[in-house]
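Participant: My numbering applies: residue 316 is where the sequence shown begins, and numbers increase by one.
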Amino acid sequence: MDIGSKRQRPLHIPTRLSRSRMGWSMQRLPCADRPELLDLPDVDPAALQGNLEDLARVNRLLGGIQLSERALSRLFASCTPGDTVRLLDVGTGAGDIPTAMIDWARSRKIPLEAFGVDRSVAILRHARDAGPNLGLVAAEGRSLPLRDGAVDVAHCSLLLHHIDPPDAVPLLAEMARVARRGVIVNDLVRSRIGLAGAWLLGHVATRNPLTRHDAPLSARRAYTLAEMTDLLTAAGLRVVAADTFLGYRAAVTAVMP
Numbered sequence: 316m317d318i319g320s321k322r323q324r325p326l327h328i329p330t331r332l333s334r335s336r337m338g339w340s341m342q343r344l345p346c347a348d349r350p351e352l353l354d355l356p357d358v359d360p361a362a363l364q365g366n367l368e369d370l371a372r373v374n375r376l377l378g379g380i381q382l383s384e385r386a387l388s389r390l391f392a393s394c395t396p397g398d399t400v401r402l403l404d405v406g407t408g409a410g411d412i413p414t415a416m417i418d419w420a421r422s423r424k425i426p427l428e429a430f431g432v433d434r435s436v437a438i439l440r441h442a443r444d445a446g447p448n449l450g451l452v453a454a455e456g457r458s459l460p461l462r463d464g465a466v467d468v469a470h471c472s473l474l475l476h477h478i479d480p481p482d483a484v485p486l487l488a489e490m491a492r493v494a495r496r497g498v499i500v501n502d503l504v505r506s507r508i509g510l511a512g513a514w515l516l517g518h519v520a521t522r523n524p525l526t527r528h529d530a531p532l533s534a535r536r537a538y539t540l541a542e543m544t545d546l547l548t549a550a551g552l553r554v555v556a557a558d559t560f561l562g563y564r565a566a567v568t569a570v571m572p
């Protein structure tokens, strides 16, 4: 990655976003303040591996990868043909989505370099299995070790719902700082179908203890599309598109105003 000096931009966080999510959301769902096990230190390695495999399976079979590819193709339209596109995946997890994007771009003869960052060294150990084409760095999403405009696109998947609004806005602003062309946020959408699907995943589709605990909680912590738009706007971005899948997940594309 192109590491260099960083320039911090002042943020204006609207009052309704500077309070807790309970303070500005239309409805805070029960138990949404509980932490997800994935976010806790000293997670059992075997359980973590199984959880990352479950998430990769959901991304592959239930629209996660397709949504990111659709959003990325929209931002590719502004790139010069033949130029190498640089993608940063924040909170990369197993690295399955950026790896899929590399394959997708290669099939279309689009030169793509992808890098993943995650604050968890334990998770990055598993992400190395994604393959040699994905560069990996341990870093905090709100303080990326990159110069301004170091990449074309900054992307995150299944990250935003882990973060409350006062921290989400600086995260999105930091992603905007390092991205020349745009930001993609791929995440769960708070909805009845999302809650039902998470219940099924946690009770039927897996025996992994992390997934069984975190799936329903993730659905409760998820933002609505309107809330995602508010957060991106507060971070200084302009939303240009929102692609959805089965009403439970969306990829929101935003650019600089």
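Ideal placement from N, C-alpha and C gives every residue a C-beta, glycine not left out. No experiment lies behind these values; they were computed from the predicted model shown.
Taking only runs of the alpha helix (DSSP H) that begin and end inside the stretch 414-492, which ones reach a length of at least 4 residues, in chain order?
Facilitator: 436-442
Participant: Once you ignore the five residues that flank Leu540 on each side, which residues in its own chain have a CB closer than 8 Å to its CB?
Facilitator: As a position in the sequence shown, residue 540 is number 225, starting the count at 1. When the five nearest sequence neighbours on each side are left out, the beta carbons in the same chain lying within less than 8 Å of the beta carbon of Leu540 are those of Val504, Ala557, Thr559, Ala565 and Val567, in order along the chain.
Participant: For Met416, count neighbouring C-beta atoms within 10 Å of its own C-beta (all shown protein chains included) and say buried if the count is 16 or more, exposed if not.
Facilitator: Along the sequence shown, one-based indexing puts residue 416 at 101. Answer is buried; the Cβ neighbour count reaches 16.
Participant: Spatial neighbours of Leu516 within its chain, please: CB distance less than 6 Å, with the 5 preceding and 5 following residues excluded, ordered by chain position.
Facilitator: Taking the sequence shown and counting its residues from 1, one reaches residue 516 at position 201. Correct list, in chain order: Ala530.
Participant: Can you list, in chain order, the residues of its chain whose CB lies under 8 Å from that of Val493, leaving out five sequence neighbours each side?
Facilitator: Against the sequence shown, residue 493 aligns to sequence position 178. Counting only Cβ-Cβ distances below 8 Å, and skipping sequence neighbours, we find Leu403, Leu459, Leu461, Arg462, Asp463, Gly464, Ala465, Val466 and Ala469.
Participant: On the DSSP letters alone, give me the boundaries of the alpha helix (DSSP H) that Val373 sits inside.
Facilitator: Here residue 373 refers to the residue found at position 58 of the sequence shown. Residues Pro360 to Leu376.
Participant: In whole angstroms, what separates the C-alpha of Arg375 from that of Ala386?
Facilitator: The residue labelled residue 375 in the question sits at position 60 within the sequence shown. The residue labelled residue 386 in the question sits at position 71 within the sequence shown. So the alpha carbons of these two residues sit roughly 16 Å apart.
Participant: What is the rounded straight-line gap between the Cα of His476 and the Cα of Ala537?
Facilitator: As a working note, residue 476 is residue 161 in the sequence shown. As a working note, residue 537 is residue 222 in the sequence shown. Answer to the nearest angstrom: the Cα atoms are 5 Å apart.
Participant: Out of Asn523, Leu510 and Phe430, which one is the CA nearest neighbour of Leu561?
Facilitator: Locating residue 561 in the sequence shown gives position 246, where the first residue counts as 1. Ranked by Cα distance from Leu561, the options Asn523, Leu510 and Phe430 are led by Leu510.
Participant: Determine the direct distance from the alpha carbon of Ser388 to that of Ile425, and round the result to whole angstroms.
Facilitator: As a first step, residue 425 must be located in the sequence shown, where it is residue number 110. As a first step, residue 388 must be located in the sequence shown, where it is residue number 73. Distance between the alpha carbons of Ile425 and Ser388 is about 10 Å.
Participant: For the alpha helix (DSSP H) containing Arg535, list its first residue and its last residue.
Facilitator: Here residue 535 refers to the residue found at position 220 of the sequence shown. That run of the alpha helix (DSSP H) goes Pro524 to Arg536.
Participant: Following the continuous alpha helix (DSSP H) through Thr568, name the residue where it begins and the one where it ends.
Facilitator: Here the question's residue 568 lines up with position 253 in the sequence shown. Where Thr568 is concerned, there is no enclosing alpha helix (DSSP H), although the beta strand (DSSP E) it sits in stretches over Arg564 to Val570.
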